[in-house]
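Undergrad:
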Ligand code: SF4
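Below you can see the structure in the form of structure tokens.
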């Protein structure tokens with residue numbers, strides 16, 4: 003998929019991180035020009051929804067997750083999608 007082409011003309015998108023895939027390596031934090039991401043301890047309610055293998059993987063990686071406290075600042079550049087080694091990030095269109 004060509005990220006730029008797919009999102010061309012889209013003004014309102016935000017990144018969506020898959021907790022089951024994210025290994026909190028922080029590549030998204032490093033590449034995002036708008037400081038959208040932050041590595042945090044995985045919230046209990048998200049951890050509880052992981053399956054058994056995902057819980058083990060999460061613990062191996064320090065029970066951390068890439069959160070998006072500044073998701074509203076996303077400019078759909080696509081850098082995080084390309085940088086994430088786990089393909090854990092999608093950009094989703096939002097209404098409004
Ligand atoms: S698409 Fe660009 S601006 Fe949006 S979260 Fe990813 S790196 Fe940041």
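Numbering (this note's numbering), first residue to last: 3 to 98. For each residue, glycine too, the CB sits at the ideal point set by N, CA and C. Since this is a predicted model, take the numbers as computed values, not measurements.
Tell me which same chain residues have a C-beta within less than 7 Å of the C-beta of residue 79, skipping the five on either side of it?
TA: Same-chain partners within the cutoff: 35.
Undergrad: Please classify residue 60: is it buried, with 16 or more other beta-carbons within 10 angstroms of its beta-carbon, or exposed?
TA: So residue 60 counts as buried.
Undergrad: Would DSSP call residue 19 helix, strand or coil?
TA: Strand at residue 19.
Undergrad: Considering residue 48, what are the terminal residues of the alpha helix (DSSP H) in which it resides?
TA: Unbroken alpha helix (DSSP H) run through residue 48: 46-50.
Undergrad: Between which two residues does the beta strand (DSSP E) carrying residue 38 extend?
TA: No beta strand (DSSP E) contains residue 38, which DSSP labels as neither H nor E.
Undergrad: Could you check the C-alpha separation between residue 81 and residue 73 for me, to the nearest Å?
TA: Distance between the alpha carbons of residue 81 and residue 73: 14 Å.
Undergrad: For residue 25, which residues of its own chain have a beta-carbon under 6 Å away from its beta-carbon, when the five flanking residues on both sides are left out?
TA: Cβ within range, chain order: 63 and 88.
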